[in-house]
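Take a look at the structure below.
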Amino acid sequence: MVRAAVAIVLVGVALAAPACTRLDDGAPVADGSPPAAQPSEPTETTGTTETTEATETTPVPAGAPCAPADVPPVRVAAEIPDPAAPKAIVGVPDGWSMASAPGGARLEGSDGMWATVTIAPTSPEPQEAFRDYTDDLTEETTVSTVSMLPADLCGYLGQRLMGVLEKTDSPQTVEYKARIVHVPSAGQAYLIAVYIEAPGETPGFDEAATLVTGDFEIALP
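Heads up: the sequence shown is residues -19 to -1, 1 to 202, going by mature numbering (1 follows the signal peptide of the UniProt record, and there is no 0).
In structure tokens, the structure reads:
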């Protein structure tokens, strides 16, 4: 299999039976399971992804919560059945549904748009965790482009990913964006991954992706 991969400006899995909670204007209203740029032309390679390591920043101490000042009016709280794991509270576009899903939560929009919020144990080394996520993202593809930008959140090390994928089980090319954040704790590090995908050139994708992958709250046990 030949796979195309492009990586631009790097600074750079899931448990069952999760739960998600819909939040409106900061107040919980339902628990359980409610209804749920383009990079430049890729250059063909033999499945490798070039990356550029960025200057490392000092991560926040384990156990520090994250609560951005500005949050969307409708959010979903994704969590997994691990008492030590963080919870991610992510914005939901208007009209989208949400539901519990393996590893966290799944969101559904129109025109084939969908998103997931996953929380999973990961390497204590942020750069290794980011590489593992990117490798998993592009593993079952015939063509992939990956652009990576720094995207720390409340002092936690993070990245933004964006690009296109042509999956081995589908001839359709999709565009995606992702926000990944490395959250250390006293005994285990976790990777929170917010991922959104749509068929290529889907109207409204950029607006939805901007909201879903924007700054989000991290709640700790």
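Positions of the beta carbon are idealized from the N, C-alpha and C atoms, including for glycine.
The criterion of a C-beta distance shorter than 9 Å is satisfied by P180 and D92. For P131, the enclosing beta strand (DSSP E) stretches over residues V127 to P131. As for any beta strand (DSSP E) of minimum length 3 sitting wholly inside the stretch 148 to 178, the runs are 154 to 164, ordered along the chain.
Inter-residue distance for T154 and F197 is about 28 Å (C-alpha atoms, whole angstroms). DSSP places A86 in the strand class (E or B) of the three-state scheme. The C-beta distance from L172 to T103 rounds to 4 Å, short enough to meet the 8 Å contact threshold.
Rounded to the nearest angstrom, the Cβ distance from R87 to T97 is 5 Å, consistent with a contact under 8 Å.
Our two residues, P83 and T99, have alpha carbons roughly 8 Å apart in a direct line. Taking all protein chains shown into account, A69 has 16 or more neighbouring C-beta atoms within 10 Å of its C-beta and is therefore buried. Secondary structure note for V193: its alpha helix (DSSP H) is the uninterrupted segment F186 to V193. For E198, the enclosing beta strand (DSSP E) begins and ends at E198 to A200. Linking V55 to V73 through their CA atoms gives a straight-line distance of about 6 Å. Of the candidates T149, V52, E89 and R160, T149 places its Cα closest to the Cα of E120.
Annotation for A58: the continuous beta strand (DSSP E) segment containing it runs V55 to E60. Cα atoms of D187 and E156: separation of roughly 10 Å, rounded to the nearest angstrom.
One thing to note: V175 has its Cβ no nearer than 9 Å to the Cβ of T191.
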